[in-house]
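Numbering (our numbering), first residue to last: 39 to 305.
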């Protein structure tokens, strides 16, 4: 096993991605020469509620107009008090999440303390910026980041563009191919001080509506038992919403829409 020693002034410190560069290990995935074969994740969303944030993502990955995977995961814990969701080229996106998780853990071990939520958001921004050459070749990654800020005692949401630009959203955000429809649904149902259960229900409704309008977004699949992944982050940490709870929420949506259709109130 090799140990790397650095001169004073060259030590990468708690920056794990920079450590990999200094020892000349790759931190990016080689570009796939056949862009049409790359799997893409689609729709992700996040919104604040009273005491935390909800993050959700559908499960479909596409290759062009083909459904490549029906149960891909797009929502991950970044650390104990934050979450990251991915849209865009699936392979590079998942690798970025893994590197981001390792970076936060590495920083905590080296410095003996955790980064602030804003510091974590800045770290992810740097990773997205480093990924820009791949994005220019059609392998763009657009994450969402959210978490609990114990300094401000509230949940916060951050969005990004492919250049690494970082933007804080005060209430909610959605991106991916169905992001517009998901964002519109959340906008219509959002209000200050939402309860946790109401926020989770609204996130589920947003993904359902996105799937109705966007063919790349996967809706509920009761036959296979596949439902979008939904997670919450509050002062107690990151927690996945159970599949049974998400399934029950979708069942309620389907029953409500079926009732409207039978009465002729839905086309």
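Beta carbons: idealized from backbone N, C-alpha and C, even for Gly.
### Task
Could you check the C-alpha separation between residue 239 and residue 287 for me, to the nearest Å?
The residue labelled residue 239 in the question sits at position 201 within the chain shown. The residue labelled residue 287 in the question sits at position 249 within the chain shown. For the pair residue 239 and residue 287, the Cα-to-Cα distance works out to about 7 Å.
### Query
Rounded to a whole number of angstroms, what is the C-alpha to C-alpha distance between residue 199 and residue 213?
As a working note, residue 199 is residue 161 in the chain shown. As a working note, residue 213 is residue 175 in the chain shown. Their backbone Cα atoms lie some 10 Å apart in a straight line.
### For residue 87, three-class secondary structure by DSSP
Sequence index remark: in the chain shown, residue 87 carries index 49 (1-based). It is a strand residue.
### Query
Exposed or buried, which one is residue 142 when buried takes at least 16 other CB atoms within 10 Å?
Translated into the one-based positions of the chain shown, residue 142 becomes position 104. Label assigned to residue 142: buried.
### Task
With a threshold of 16 other CB atoms inside 10 Å of the CB of residue 26, please say whether the residue is buried or exposed.
The question about residue 26 has no answer here: the residues shown for the chain are numbered 39 through 305.
### residue 235 burial status per 10 Å Cβ neighbour count (16 or more: buried)
The count along the chain shown starts at 1 and reaches residue 235 at position 197. Here residue 235 is exposed. Its C-beta has fewer than 16 other C-beta atoms within 10 Å.
### Message
By DSSP's criteria, residue 119 is part of a beta bridge. Which residues make up the other side?
### Response
Your numbering for residue 119 matches position 81 in the chain shown. Residue pairing for residue 119: DSSP places it in no beta bridge.
### Message
Tell me the rounded alpha-carbon separation between residue 116 and residue 209.
### Response
Within the chain shown, residue 116 is the residue found at index 78, counting from 1. Within the chain shown, residue 209 is the residue found at index 171, counting from 1. Distance between the alpha carbons of residue 116 and residue 209 is about 20 Å.
### Paired residues, beta bridge with residue 213 - DSSP
By one-based count along the chain shown, residue 213 stands at place 175. When DSSP reads this structure, residue 213 sits in a beta bridge with 82.
### Query
To the nearest whole angstrom, what separates the beta carbons of residue 146 and residue 152, a pair I think is in contact under 8 Å?
Within the chain shown, residue 146 is the residue found at index 108, counting from 1. Within the chain shown, residue 152 is the residue found at index 114, counting from 1. The distance from the Cβ of residue 146 to that of residue 152 is about 5 Å, consistent with a contact at the 8 Å cut-off.
### Task
Count the other C-beta atoms from every protein chain shown that fall within 10 angstroms of the C-beta of residue 225, then say buried if there are 16 or more, exposed otherwise.
If you number the chain shown from 1, residue 225 lands on position 187. By the neighbour-count rule (16 or more Cβ atoms within 10 Å), residue 225 is not buried but exposed.
#### Entry: Of the listed residues 297, 80, 285 and 273, nearest to residue 182 (C-alpha basis)
Taking the chain shown and counting its residues from 1, the one referred to as residue 182 is at position 144. Ranking the options by Cα distance to residue 182, first place goes to 80.
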